[in-house]
Amino acid sequence: MVKKYDRHVLHENPKIEVVHIKWPPGAESRPHDHGKSYGKVKVLSGKVFQLVFDKKTKKFLRRDVMVAGDVMIETPDLIHIMGNDSKTEIAETLHVYTPKLVMKYYSLAMFKWPGMPKLKKKRRRKSWPPKENLTKKWGPKL
Ligand SMILES: [Fe+2]
């Protein structure tokens, strides 16, 4: 089972949203976009990853790793999964969005992963997405 993360909204109004996220070891988000918002994310501590998908084809594009001090940009056309890249250390990130974030979540079954098994339709409905940590099982080996 994928571990959840702690999300705390520090400030919000219709034009801006500031969020602090604490990522326990093994925590990751579901696939999501950022609506019409642009975001800037700074890694405050630890090491986080993101898995980026093509919004149109739903294909996996790349895996990025960011450490304390790194900054990443989130755009309206981005779909990604974020998570803690460490098995032992907590990671923390600070997110600023404008306008206020309205996220859309996606089912893992919508995405095409390298090495993803071709399952029969009946079995696929029951077993995909898996309940275990998806990125560890199907993510690229680095
Ligand atoms: Fe995001």
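Our numbering puts the first residue of the sequence shown at 3, with every later residue one more than the last.
Don't be surprised by glycine CBs; every beta carbon is placed ideally from N, CA and C.
Item, Value
"Among 76, 90 and 83, whose alpha-carbon lies nearest the alpha-carbon of residue 32?", "83"
"Mapping DSSP to helix, strand and coil, what is residue 29?", "strand"
"As a quick exercise: from 15, 75, 56 and 45, pick the residue whose alpha carbon is nearest that of residue 68.", "45"
"Use the C-beta contact count for residue 107: other C-beta atoms within 10 angstroms, 16 or more gives buried, fewer gives exposed.", "exposed"
"Can you give me the start and stop residues for the beta strand (DSSP E) that residue 50 sits inside?", "49-55"
"With residue 93 and residue 49 assumed to form a contact (beta carbons below 8 Å), what rounded beta-carbon distance in angstroms separates them?", "6 Å"
"Between residue 22 and ligand 1, is there a pair consisting of the residue's CB and a ligand heavy atom that are separated by less than 7 Å?", "no"
"So, with DSSP's three-state summary, where would you put residue 80?", "coil"
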